[in-house]
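Written out below as C-alpha cells is the structure these notes cover.
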Amino acid sequence: PELNCLPLPDLNGDMDVEDGGSDAEDDAARPAWNSKLQYILAQVGFSVGLGNVWRFPYLCQKNGGGAYLVPYLILLIVIGIPLFFLELSVGQRIRRGSIGVWNYISPRLGGIGFASCVVCFFVALYYNVIIGWSLFYFSQSFQQPLPWHECPLVKNKTTTLPECEKSSATTYYWYREALNISDSISESGGLNWRMTICLLAAWSMVCLAMIKGIQSSGKVMYFSSLFPYVVLICFLVRALLLKGSVDGIRHMFTPKLEIMLEAKVWREAATQVFFALGLGFGGVIAFSSYNKRDNNCHFDAVLVSFINFFTSVLATLVVFAVLGFKANIMNGKLGFLGNEISRDLIPHHINFSATVSAEDYQKMTVLIRGVMEKDYQLLGLGSCSIEEELNKAVQGTGLAFIAFTEAMTHFPASPFWSVMFFLMLVNLGLGSMFGTIEGIITPLVDTFKVRKEFLTVGVCLLAFFIGLLFVQRSGNYWVAMFDDYSATLPLLIVVILENVAVAWVYGTDKFFEDLKDMLGFTPFRFYYYMWKYVTPLLLILLLGSSVIQLGMTPPSYSAWIKDLVSRHSTVVSLWCNWIRPKHNSSV
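Oh and the sequence shown: position 341 is 341 in UniProt numbering, straight run, nothing missing.
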C-alpha cells in the first residue's frame, strides 16, 4: 500500500487540513541566522572536520595519488552534491529538524529522523574524545623542548626507556604518557584522569556554545570555521620552506593511473564523499531549517561541497609537505648511520690507501652496497628511501599524534607550531560537533517542544558519563571500534531512505514543483535523474559492498602491546565472547 504523504507547506508556512492546523506562528517564532555568511560558515564548519585533515590525505596516497581526485570529483558530483542539495532543500522548505521533516512527508517515515538522532549520538560520544585528546596535546605544547621531543631516561639517567627506544619518542608519548594504554580492549585499566578532565572540558565547550542554539553557536562559527584555514595556510607556507617538502608533494600527486581502475578505490571515494559532507546526520537539515524559504539552497549546496573538496586538497598539500620534510630527515639519519656501520664492517684486507687497485675498488663497492642494504634490516631501521618513507603515510590518530608531532619537533619554534596545530584540530572538531549536536537537539525540540537549554545540558551530561568508556586506559580501542562499526551502515541506510522518501514516496515531480516555488527557478533536470535513479542505485551498491567487506573482515582493532613494543592487529571474537579478544600474531 502507498504511504499517505502530507503536502509540503507553502511559502506562507500554512499546511493543508491533513496537518491539523497552521504552522505560521511556529515559523514566526523560529530562530533565524543573523546573516548568510554565518549560515555558510556553520555548514562549512560541520562538513569540514578532522577527516579532511587525517583521512583524505591517507586515501589519496593509498589510492593512486593525484589519480584519486578523479573518482572523488565524479562521485562528489553524482552522489555528494545531489544528496546535499536534497537535505538542504527539505530542511529549508519544511523548517523542521530531521524527525519533523520526514513526519511531514509521511507519518510512517518519522523513524528516519529518530535513526539520525541515534547515529549522531553514537558519533558524538567518541568524536568529542578526539577533541579531548587534542586539548591535552594543546595544553602540553607550551614547553620548550616539547615533551615528546626525545625519549625519557630511566632512573640512572644514562639510558633511555626500552619501550621508547624500540619505538620512537612520539609513539611512546602517545601510547604511554598520553593514553597510558592497556594491552587489549578487555583490560580496562581504570580511568585516565587527565583524559577524563579533557573530555569534561570538551563537553563543557560544546554545551556552552550550543545552549542558546544558533544564537550562541552561530557566533562561535566565525572563529571555529575560519581559524583552521589560517593555520593550514601558515603550515603550508612554512612547510614549503623546509627541505624535502617538494618531494612529498611531488610524491603525493604523482598519479598512479592503474590503481584508479580498481573497484575498491571507487568504493572508498564514495564513502569519503558521503561522510565528508555530513549526510544522514541531520545536522545539514537542522542548520538549513533556520533559513528563509526563498534562500538559494542550490547555490549553497554547490558552494559548500567544493569548499569541502578544496579544503581536503589544501590539507593534503600540508600533510605531505610535512611528511616529505620528515622523510628527508629520516633518510639523512639512516644514510649517515648506514655509512658508519658499513665502514666498520668492511674487512681489513681491502686496501684503502691511495693506490687502491681496480679489483679491490670493485670489491669494496659491491661490499659496501650489500652491507648497507642489510644493515637497515638487521637494525630494524627499514629503508633509506624517501619514497618508502612517504609510503608509510598513516591516517587518523597515527598521523595527528605521532607523525605530525614528530615532524614538528624539527621545526624552528616547535612549541608555536604545535600550539597552532592542535588548536586547529580542536576547532575542526568543534565545528563538526556543533552540527552533530544540532542534529540531535533540533529534531527533539521541534517534536517534543522541550526547552532547548535543558535538553542541551541533559544531552551533554549524558554523553559525558557514557563517554567515560572512552577515557579508560583501553579507551583508544573503543574509539577505534565505534569509528569503524557504529555509523557506517546506519548512515547509509538512513540516506537511502531519505532519497527514496523524496524521490519515490513524495514524488520527484512534486518535489521539483516545490523547489520552483521556493527558489524561483526550476533546478537542472540532472537532479531529477540523480534523485530518482542514479543516486539510489549507487547508494545500494555502496551499502552492499560495505556489508560484504564487513562480512569478510572480522571486527578488529590495532592493539599496542607493551611487552612487544609494537601494534598488533587484534581480532574480536564472536558477539557472545566479544569481551575477550584474541590476539593475532601478525603485526
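We put the beta carbon where it would ideally sit given N, CA and C, even for glycine.
Query, Result
"Simplified DSSP state of S22, which is helix, strand or coil", "Note that S22 scores 43 on pLDDT, short of 50, meaning its location in the model is unreliable and no value can be drawn from it."
"CB-CB length for F142 against V419, believed under 8 Å", "7 Å"
"Stretch pair the stretch 182-190 + the stretch 464-478: three plus CB contacts closer than 8 Å", "yes"
"R39: first and last residue of the uninterrupted alpha helix (DSSP H) it sits in", "According to the sequence shown, residue 39 is Tyr rather than Arg. Run containing Y39: K36 to S47, per the alpha helix (DSSP H) assignment."
"Selected residue, minimal CA-CA separation from F275, among M530, Y529 and T436", "T436"
"Sequence ranges, alpha helix (DSSP H) only - wholly within the stretch 271-326, length at least 4", "283-288"
"Nearest neighbour of A413, chosen from H149, S184 and F287 [CA to CA]", "H149"
"Collapsed DSSP secondary structure at H348 in the structure displayed", "Annotation note: pLDDT 47 at H348 (below 50); position unreliable, no value reported."
"Ranges of the alpha helix (DSSP H) found wholly within the stretch 456-539, counting only runs of at least 4", "475-485, 488-500, 508-519 and 525-529"
"I561 (DSSP reduced to helix, strand or coil)", "strand"
"CB-CB length for L430 against V206, believed under 8 Å", "7 Å"
"K160 (DSSP reduced to helix, strand or coil)", "As written in the sequence, residue 160 is Thr, which differs from the Lys given in the question. Here T160 sits in strand by DSSP."
"Rounded C-alpha distance that separates V70 from Y58", "16 Å"
"Residue 588 versus W174 - alpha carbon distance", "It is not possible to answer for residue 588, since the shown part of the chain is limited to 1 through 587."
"Residue burial classification, C576 (beta-carbon count within 10 angstroms, cutoff 16)", "Because the pLDDT at C576 is just 35, under 50, the model does not fix this residue reliably, and the value given afterwards should be weighed accordingly. Per the 10 Å Cβ criterion, exposed."
"Counted within 10 angstroms of its Cβ, other Cβ atoms place I40 as buried (16 or more) or exposed", "buried"
"Selection from D183, G398, E498 and A403 that minimises the alpha carbon distance to P82", "E498"
"Chain-order list of residues whose beta-carbon lies under 8 Å from that of L444 (same chain, five-residue window excluded)", "G97, I99, C117, V450 and L455"
"I131, enclosing alpha helix (DSSP H) - first and last residue", "G110 to Q140"
"Simplified DSSP assignment, three categories, for S184", "coil"
"8 Å Cβ cutoff met for D300 and Q43", "yes"
"Alpha helix (DSSP H) segments (min. 4 residues) lying fully within the stretch 215-268", "245-253"
"Cutoff 8 Å: V502 Cβ touching any chain D Cβ", "Checking the listed chains, one finds no chain D in this structure; it contains a single protein chain."
"I402: first and last residue of the uninterrupted alpha helix (DSSP H) it sits in", "Element bounds for I402: n/a, residue is neither H nor E."
"Distance between beta carbons of L515 and S89, contact taken as under 8 Å", "6 Å"
"Contact belief for V273 with Y557 at Cβ below 8 Å, rounded distance in angstroms", "That belief does not hold up - the Cβ atoms of V273 and Y557 are roughly 25 Å apart, past 8 Å."
"Sequence-distant residues of the same chain with beta carbon closer than 8 Å to M481, five excluded per side", "I185, P555, Y557 and V572"
"DSSP state of residue 588 mapped onto helix, strand, coil", "What is shown of the chain runs 1 to 587, which leaves residue 588 out entirely."
"8 Å contact criterion, which A269 and L75 should meet: CB distance rounded", "5 Å"
"The stretch 237-257 / the stretch 526-544 touching (three or more Cβ pairs under 8 Å)", "no"
"Supposed close pair G439, F281 - CB separation, criterion 8 Å", "5 Å"
"Which of helix, strand or coil DSSP assigns to S556", "strand"
"CB of Y126 within 8 Å of CB of D483, strictly", "yes"
"Neighbour-count burial assignment, H349, 16 or more Cβ in a 10 Å radius", "Annotation note: pLDDT 46 at H349 (below 50); position unreliable, no value reported."
"Collapsed DSSP secondary structure at L541 in the structure displayed", "helix"
"F114 vs G278 beta-carbon contact at 8 Å", "no"
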